[in-house]
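Asks: Below are the structure tokens for one structure; questions will follow.
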Amino acid sequence: MDDPAAAVLDAVARGDSAALIRLFAQNVDPAVSGEFHLVAYDAADTGQIDLVRPFLDAGLPVDAEVSSSGWTPLMCAVGARSLPLVEFLISAGADVNRTGRGAEAATVLTLALELAESQAIVSALLRAGADPNLSRPDGWTPLMLAALEGDVEVIQALVAAGADVLASKDDGKVTAAGVADREGHSDAVRVLRELGAADPVDLCAARLTRLVSEISAWLAEHARPDHASLVKARGAADPAAVAELQAAIGEPLPADFLAYLRLFGGHGGLPYYEYEGMSVEQMLSRWRSLKELHDQGIFDDLEPRELDPIEGYVRYVWWHPGWIPFAEDSGGNLFCIDLAPDDIGRRGQVIQWEIHGGPFGPQAQSFQDHLRGHHDVLVSRRHTHDEEGRLERPWP
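The sequence shown stops at residue 466 when you use my numbering, and every number in between is there.
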């Protein structure tokens, strides 16, 4: 036989299990390699039991690494969304807790959780002993991935199997409840809270309180007028006013922004150079006035002047009702929380909107990142002051 690999690959491509059996009976190695990986990878990627069984019967270990990234036939079956093949390989003794290699490595279970409509395969893996707390090398746990999709049934199944609702990554900044909140999955947040997860607003509030305290201390020493504005603006927003804002926009605000409103929003907001922070009432009033213009079609023929139409982070429109203002300068230009990002943007990112230019950004992936960035710029860069002694924003 001139090229055993080509013959095996051809049999797999034709779906010919009988040909595979004949080839292996002629002592062709079941670990025969194709151009990029073992041919067994291609067989498992079909999701067909009849094309995988001959490889195992010929002696290929059920947990053989069939690709350079360390994937096993079970991982291929999961990637192929084939529940029958997953169950067959489990019955053959496949390790349900294997982890791949490389920058985008996954465990068998986290790989399943990256799929749409993964509940059946996830349940099969959990029944077979998959560890619900075994994270990917980057720290993402199965529960965080389920929260990313907002899949309540999978979340409940993982917790029933022992998933830790308090697990976190990045020094506590990322939790399952926080991920669900960031993605706007309010039902998933509610279920996780009922199952014992910490309130993501509480977690954010603690971090934001520290940041604001450090910003306040720096301003008190270096920019007294700005510090006076911050002190004047301090004061928690009325929960009823926050509820009215959320009811008007029709969806919950991100946890980090709700945490910010525990510090500001009653009298004003955190000053940001030439931008004055807004109270919740001011946010709602400005949002309603822009929405009214939007609904009247005033913005329909206007195109953003500072935004790339193919960028994919911010919607390429003049104004969108999903943009919630939180700071405004004397010319009516805004900083906004973006609840309606474009395809690759992140819900809760911070954008700017100019009255004569439309949107641009994002300036930060979240309000917490925006505040952290403001803090870091304050303490690490030189600043100039205007005639009134206020800080002027440094430009790169």
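All C-beta atoms, glycine included, are put in the ideal place defined by N, C-alpha and C.
Since the structure is predicted, the reported quantities are computational estimates derived from the model, not experimental observations.
1) According to DSSP, what are the bridge partners of Gly335?
2) How long is the line joining the alpha carbons of Val249 and Pro100, rounded to whole angstroms?
3) The alpha helix (DSSP H) with Glu219 in it runs from where to where?
4) Determine which residues share a DSSP beta bridge with His455 and list them.
5) If you draw a straight line from the alpha carbon of Gly347 to that of Glu314, how long is it in whole angstroms?
6) Count the other C-beta atoms from every protein chain shown that fall within 10 angstroms of the C-beta of Thr177, then say buried if there are 16 or more, exposed otherwise.
7) Below 8 Å on the Cβ atoms is my contact criterion, and I expect Gly199 with Ala150 to pass it. Report the Cβ-Cβ distance as a whole number of Å.
8) What residue range does the alpha helix (DSSP H) around Val102 cover?
9) Use the C-beta contact count for His390: other C-beta atoms within 10 angstroms, 16 or more gives buried, fewer gives exposed.
10) Grouping DSSP H, G and I as helix and E and B as strand, with all else coil, what is Thr180?
11) Please state whether DSSP places Thr245 in a helix, a strand or coil.
12) Taking the alpha carbon of Asp269 as the point to measure from, which residue in Leu181, Ala246, Ala290 and Trp288 has its own alpha carbon closest?
13) According to DSSP, what are the bridge partners of Ser238?
14) Based on Cα-Cα distance, which residue from Val132, Pro124, Ser138 and Leu121 lies nearest to Ser103?
15) Going residue by residue through the region 98–169, where are the continuous alpha helix (DSSP H) segments of at least 4 residues, counting only ones entirely within it?
16) Among Leu448, Leu328 and Asp72, whose alpha-carbon lies nearest the alpha-carbon of Val276?
17) Taking the beta carbon of Thr454 as the centre, do at least 16 other beta carbons fall within 10 Å, making it buried, or is it exposed?
18) What first and last residue would you give for the beta strand (DSSP E) that runs through Gly347?
19) Quick one: give me the first and last residue of the alpha helix (DSSP H) that Pro270 is part of.
20) Would you report the Cα separation of Ala95 and Asp127, rounded to the nearest angstrom?
21) Rounded to whole angstroms, what's the CA-CA distance from Ala233 to Leu153? Just pull it up for me.
22) Using the three-state DSSP reduction, which class does Pro374 fall into: helix, strand or coil?
23) Whole angstroms is fine: what's the gap from Asn203's alpha carbon to Thr211's?
24) Rounded to whole angstroms, how far is the Cβ of Val156 from the Cβ of Leu181, which I believe are closer than 8 Å?
25) Between which two residues does the beta strand (DSSP E) harbouring Trp423 extend?
26) Applying the 10 Å Cβ sphere with the 16-neighbour rule, what's the burial state of Leu213?
27) Can you tell me whether DSSP reads Gly443 as helix, strand or coil?
28) Report yes if the CB atom of Ala310 is closer than 8 Å to the CB atom of Pro341, and no otherwise.
29) Just tell me which of Ile91, Asp257 and Ser349 has its CA closest to the CA of Gly305.
30) Note down the Cα distance separating Met145 from Phe430, rounded to an integer number of angstroms.
31) DSSP three-state call for Ala186: helix, strand or coil?
32) Would Tyr345 pass as a contact of Phe437 if the rule is Cβ separation under 8 Å?
33) Taking DSSP's pairing of strands, which residues face Phe405 in a bridge?
34) Where does the unbroken alpha helix (DSSP H) through Gln352 begin, and where does it stop?
Replies: Let me lay it out:
1) Here residue 335 is taken as the residue at index 265 of the sequence shown, counted from 1. Its beta-bridge partners are Ala306.
2) Position 179 of the sequence shown, counting from 1, holds the residue named residue 249. Position 30 of the sequence shown, counting from 1, holds the residue named residue 100. Straight-line Cα distance between these residues: approximately 43 Å.
3) Translated into the one-based positions of the sequence shown, residue 219 becomes position 149. Element bounds for Glu219: Pro212 to Glu219.
4) Here the question's residue 455 lines up with position 385 in the sequence shown. The partner list for His455 (beta bridge, DSSP) reads Leu461.
5) Here the question's residue 347 lines up with position 277 in the sequence shown. Here the question's residue 314 lines up with position 244 in the sequence shown. Spanning the two alpha carbons is a distance of roughly 19 Å.
6) Numbered from its first residue, the sequence shown carries residue 177 at position 107. Buried is the call here.
7) The count along the sequence shown starts at 1 and reaches residue 199 at position 129. The count along the sequence shown starts at 1 and reaches residue 150 at position 80. Rounded, the Cβ-Cβ distance is 21 Å, inconsistent with contact.
8) Within the sequence shown, residue 102 is the residue found at index 32, counting from 1. Element bounds for Val102: n/a, residue is neither H nor E.
9) As a first step, residue 390 must be located in the sequence shown, where it is residue number 320. Classification of His390: buried, given that the 10 Å Cβ count is 16 or more.
10) To locate residue 180, count along the sequence shown from 1; it is residue 110. Looking at Thr180 - three-state DSSP - the assignment turns out to be helix.
11) Walking along the sequence shown from the start, residue 245 turns up at place 175. Three-state result, Thr245: strand.
12) As a working note, residue 269 is residue 199 in the sequence shown. When only C-alpha atoms are compared, the closest one is Ala246.
13) Walking along the sequence shown from the start, residue 238 turns up at place 168. Thr245.
14) Counted from its first residue, the sequence shown places residue 103 at position 33. Ranking Val132, Pro124, Ser138 and Leu121 by Cα distance to Ser103 puts Ser138 first.
15) 109–115, 119–127, 143–149 and 153–161
16) Reading the sequence shown from its first residue, position 206 is the one you call residue 276. A small correction: the amino acid at residue 276 is Ala; Val does not occupy that position in the sequence shown. Closest option to Ala276, Cα to Cα, is Leu328.
17) The residue given as residue 454 occupies position 384 in the sequence shown. Exposed is the call here.
18) Within the sequence shown, residue 347 is the residue found at index 277, counting from 1. Taken as a continuous stretch (DSSP letters only), the beta strand (DSSP E) holding Gly347 covers Tyr345 to Gly347.
19) Residue mapping note: residue 270 aligns to position 200 of the sequence shown, counting from 1. That run of the alpha helix (DSSP H) goes Pro270 to His292.
20) In the sequence shown, the residue the question calls residue 95 occupies position 25. In the sequence shown, the residue the question calls residue 127 occupies position 57. If I take the Cα positions, the gap works out to 10 Å.
21) In the sequence shown, counting from the first residue as 1, residue 233 sits at position 163. In the sequence shown, counting from the first residue as 1, residue 153 sits at position 83. Near 22 Å, if we compare the C-alpha coordinates of Leu153 and Ala233.
22) Translated into the one-based positions of the sequence shown, residue 374 becomes position 304. Looking at Pro374 - three-state DSSP - the assignment turns out to be coil, as it is neither helix nor strand.
23) Taking the first residue of the sequence shown as position 1, residue 203 is located at position 133. Taking the first residue of the sequence shown as position 1, residue 211 is located at position 141. The straight-line gap from Cα to Cα measures roughly 6 Å.
24) Numbered from 1 along the sequence shown, position 86 holds the residue referred to as residue 156. Numbered from 1 along the sequence shown, position 111 holds the residue referred to as residue 181. Val156 to Leu181, Cβ: 11 Å. No contact.
25) Here residue 423 refers to the residue found at position 353 of the sequence shown. Residues Gln419 to Glu424.
26) Within the sequence shown, numbered from 1, the residue matching residue 213 stands at position 143. So Leu213 ends up on the buried side.
27) Taking the sequence shown and counting its residues from 1, the one referred to as residue 443 is at position 373. If DSSP states are grouped into helix, strand and coil, Gly443 belongs with the helices.
28) Residue mapping note: residue 310 aligns to position 240 of the sequence shown, counting from 1. Residue mapping note: residue 341 aligns to position 271 of the sequence shown, counting from 1. No, Cβ-Cβ distance for Ala310 and Pro341 is not below 8 Å.
29) Taking the first residue of the sequence shown as position 1, residue 305 is located at position 235. Nearest of Ile91, Asp257 and Ser349 to Gly305, Cα basis: Ser349.
30) Numbered from its first residue, the sequence shown carries residue 145 at position 75. Numbered from its first residue, the sequence shown carries residue 430 at position 360. Taking the straight line joining both Cα atoms gives about 41 Å.
31) To locate residue 186, count along the sequence shown from 1; it is residue 116. It is coil, neither helix nor strand.
32) Mapped onto the sequence shown, residue 345 falls at position 275. Mapped onto the sequence shown, residue 437 falls at position 367. No, the Cβ-Cβ distance between Tyr345 and Phe437 is not below 8 Å.
33) Position 335 of the sequence shown holds residue 405. Partner(s): Ala397 and Gln422.
34) Against the sequence shown, residue 352 aligns to sequence position 282. Looking at the DSSP string, the run of the alpha helix (DSSP H) that includes Gln352 is Val350 to Asp365.
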